[in-house]
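A short worksheet on the structure shown next.
Residue numbers (the working numbering): 153 to 314.
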């Protein structure tokens, strides 16, 4: 039994630590996806917006923490990060970003076939096939990492605001 499963009821197995070979394979896949996104012409800000929007939908605090820091590091603004949950109602996002965000949301909510078709058609208007593929791969990958962190209950640590 792992040390992450002993003791207090409610503790979770950190599956990334418990099964490192499987987790390492996911990390390698995410590196390939990052390279695919770059090769397709998606900039890091857009990749981080996708990571954040999917993590918001899934409610993954750990990934939100990681990717907020990453987005700020690559030059995203706090204003756009603050309104990202309501991106459709803000004029802060370019047509390519809007199409990518809609496609990432549709990839995350796979039960909504109508949203998928609408998002895909909108994406075809402003994104190349390589970009569409890359957006979907980025969304698929962060969805997987969200599930690892949520099921493991990875903590978000830091100092509380005084």
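Note that beta-carbon positions come from the ideal geometry of N, C-alpha and C, so glycine has one too.
Residue i, enclosing alpha helix (DSSP H) - first and last residue
| i | result |
| --- | --- |
| residue 173 | 172-192 |
| residue 264 | Per DSSP, residue 264 belongs to no alpha helix (DSSP H) and is neither H nor E. |
| residue 196 | 196-210 |
| residue 231 | 230-235 |
| residue 221 | 213-225 |
| residue 286 | 281-304 |
Buried versus exposed call for residue i [16 or more other C-beta atoms within 10 Å across all chains shown]
| i | result |
| --- | --- |
| residue 226 | exposed |
| residue 243 | exposed |
| residue 230 | exposed |
| residue 259 | buried |
| residue 224 | exposed |
| residue 205 | buried |
| residue 284 | buried |
| residue 179 | exposed |
| residue 293 | buried |
| residue 189 | buried |
Residue closest to residue i, alpha-carbon to alpha-carbon, out of the options
| i | options | result |
| --- | --- | --- |
| residue 255 | 246, 291, 228 and 177 | 291 |
| residue 309 | 233, 216 and 176 | 216 |
| residue 306 | 212, 278 and 187 | 212 |
Would the segment 208-224 and the segment 183-193 be scored as touching if the rule is three or more Cβ pairs under 8 Å?
no
Does the segment 262-278 come into contact with the segment 235-253, if we say contact requires no fewer than three beta-carbon pairs (one atom in each stretch) closer than 8 Å?
yes
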